[in-house]
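Notes follow the structure.
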């Protein structure tokens, strides 16, 4: 079995940092990528991110401007996702886990599942729905 590295994009955020630390505690090889290493909104960010990736990496995408509360924030968050997608075009990774939000679903009194009806009611949910669609189109498992 080949050694797979866990790459956490957004490694200093709440979720990203928790994933990175848990992976390290489990003895996994890790790489944390944060804004100080690659500003995902910069013009050359896709090339800089791709240079850090390996073909057998499992990537956790947790980078976002959150919560997304405006059209301007939505645009920046989509720019971040497009940067990651462009990096994947330059270095195809083995696996992608995208960190999303329950804000993508309709409000419900019932427990939410992945099969629950979608219907974001705010910018944050709309941002995550759009990013999920873009990332799904990459074909990365």
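Residue numbers (my numbering): 6 to 146. Where is the CB? At the ideal position from N, CA and C, for every residue including glycine. Just so it is clear, the structure is predicted and the values come from calculations on it, not from any experiment.
Check whether residue i and residue j have beta carbons under 9 Å apart
| i | j | result |
| --- | --- | --- |
| residue 30 | residue 66 | no |
| residue 53 | residue 47 | yes |
| residue 133 | residue 113 | no |
| residue 74 | residue 128 | yes |
| residue 91 | residue 51 | yes |
Reference residue i, options the options, closest by Cα
| i | options | result |
| --- | --- | --- |
| residue 135 | 99, 87 and 33 | 87 |
| residue 68 | 62, 43 and 56 | 43 |
| residue 57 | 141, 76 and 10 | 10 |
| residue 64 | 79, 110, 24 and 117 | 24 |
| residue 80 | 12, 131, 14 and 26 | 131 |
| residue 146 | 110, 97, 119 and 118 | 97 |
Rounded distance between the beta-carbons of residue j and residue i, thought under 8 Å
| i | j | result |
| --- | --- | --- |
| residue 125 | residue 108 | 6 Å |
| residue 89 | residue 45 | 7 Å |
Cβ neighbour criterion (16 or more within 10 Å) applied to residue i
| i | result |
| --- | --- |
| residue 21 | buried |
| residue 115 | exposed |
| residue 19 | exposed |
Only counting runs of 3 or more residues, tell me where the beta strand (DSSP E) segments fall wholly within the segment 23-105, in order along the chain. 35-38, 63-66 and 100-103, all fully within the segment 23-105.
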